[in-house]
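**Q** Residue numbers (this note's numbering): -5 to 145.
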Amino acid sequence: MLSKTAEYALRAIVYIALSDAQGHKAGIKEIAKELELPAHFMGKILQDLVRKGIIASMKGPGGGFFLHRTASEISLLEVVSIIDGLEAFRKCGMGMKMCSDLHPCPLHNEIKAYRDQLLKVFSSKTIQDLVDGINSGKYFITNLHEDIASA
């Protein structure tokens, strides 16, 4: 549903929000290492998010990325919209250009219900909601390592 860029952006923003809450500014290398994402690609994503006003950065010792606004003010939909646009929430499941309620493809009703529910989730959830879930210990943004998975 989401592009890799949007997935990486969401994970990075949550990581930055977690760091920011502890008074720490995270750098590109740290974010990429902790989330196991390509540093070069992560750098481009983060710079785009800075340009769009979602996060901010500071150079020099003690520098790094931090939230430009509070995590509770940033919806997941805003991030996805900045990265991918909103086309995924309108697109036909079978690739038809003119799929609609009046001229539906065979998957229209099912895909529309799925898209509408996803749009509702992305509109109502904020970065703070994701941070709270991670802080509760129920959810993760880092991968499970094989030594833990096999235990």
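By construction, the Cβ of each residue, glycine as well, lies at the ideal position given by its N, Cα and C atoms.
Which residues in the same chain as Ala20 place their Cβ atom closer than 7 angstroms to its Cβ, once the five residues preceding and following it in sequence are excluded?
**A** Position 26 of the sequence shown holds residue 20. Cβ neighbours of Ala20 beyond the five flanking positions: Tyr9, Ile10, Ser13, Gly58, Phe59.
**Q** For Gly54, name the three-state secondary structure that DSSP assigns.
**A** Working through the sequence shown from its first residue, we reach residue 54 at position 60. Judged by DSSP in its simplified three-state form, Gly54 adopts coil rather than helix or strand.
**Q** For Tyr2, count the other beta carbons within 10 Å of its own beta carbon; 16 or more makes it buried, fewer makes it exposed. Which is it?
**A** Position 8 of the sequence shown, counted from the first residue, corresponds to residue 2. When all chains shown are included, Tyr2 counts as buried.
**Q** Would you grab the beta carbon distance between Ile22 and Leu4 for me? Rounded to a whole angstrom, and I think it's under 8 angstroms.
**A** Counting from one through the sequence shown, the residue named residue 22 turns up at place 28. Counting from one through the sequence shown, the residue named residue 4 turns up at place 10. Contact doesn't hold; Cβ gap of about 16 angstroms is too wide.
**Q** Between Phe35 and Val74, is the Cβ-Cβ spacing less than 8 angstroms?
**A** Residue numbering aside, residue 35 sits at position 41 when the sequence shown is read from its first letter. Residue numbering aside, residue 74 sits at position 80 when the sequence shown is read from its first letter. Their beta carbons are not under 8 angstroms apart, which means Phe35 does not touch Val74 by this criterion.
**Q** Please check the pair Gln122 and Ser51, which I expect to be a contact at CB under 8 angstroms, by giving their CB distance rounded to whole angstroms.
**A** For the purposes of this step, residue 122 is taken as residue 128 along the sequence shown, with counting starting at 1. For the purposes of this step, residue 51 is taken as residue 57 along the sequence shown, with counting starting at 1. Contact flag wrong, Cβ pair sits at about 20 angstroms.
**Q** List the endpoints of the continuous alpha helix (DSSP H) containing Tyr108.
**A** Working through the sequence shown from its first residue, we reach residue 108 at position 114. 102 to 118 is the span of the alpha helix (DSSP H), which, as asked, contains Tyr108.
**Q** Taking buried to mean at least 16 other C-beta atoms within 10 Å of its own C-beta, is Leu80 buried or exposed?
**A** In the sequence shown, residue 80 corresponds to position 86, counting from 1. It counts as exposed.
**Q** My assumption, with CB atoms under 8 angstroms, is that Ile48 sits in contact with Ile25. Please give the rounded CB distance.
**A** As a first step, residue 48 is located in the sequence shown; it is residue number 54 there, counting from the start. As a first step, residue 25 is located in the sequence shown; it is residue number 31 there, counting from the start. The Cβ separation is near 14 angstroms, so there is no contact.
**Q** Is the Cβ-Cβ distance between Leu70 and Lys38 less than 8 angstroms?
**A** In the sequence shown, counting from the first residue as 1, residue 70 sits at position 76. In the sequence shown, counting from the first residue as 1, residue 38 sits at position 44. Cβ atoms of Leu70 and Lys38: not closer than 8 angstroms.
**Q** Considering only the alpha carbon of each residue, which of Ile7, Gly87, Pro32 lies closest to Lys106?
**A** Within the sequence shown, the letter at position 112 stands for residue 106. Closest option to Lys106, Cα to Cα, is Gly87.
**Q** What's the C-alpha gap between Cys93 and Cys99?
**A** Translated into positions along the sequence shown, residue 93 becomes position 99. Translated into positions along the sequence shown, residue 99 becomes position 105. Cα-Cα distance, rounded: 6 angstroms.
**Q** Of the choices His139, Thr(-1), His18, whose alpha-carbon is the least far from that of Leu61?
**A** One-based indexing of the sequence shown puts residue 61 at position 67. Here the closest residue by C-alpha is His18.
**Q** With distance defined between alpha-carbon atoms, name the residue in Ile7, His97, Leu43 nearest to Leu29.
**A** Translated into positions along the sequence shown, residue 29 becomes position 35. The shortest C-alpha separation from Leu29 is found at Ile7.
**Q** Suppose you measure from the CA of Leu31 to the CA of Leu96; what does that come to, to the nearest Å?
**A** Counted from its first residue, the sequence shown places residue 31 at position 37. Counted from its first residue, the sequence shown places residue 96 at position 102. Computed Cα separation, rounded: 43 angstroms.
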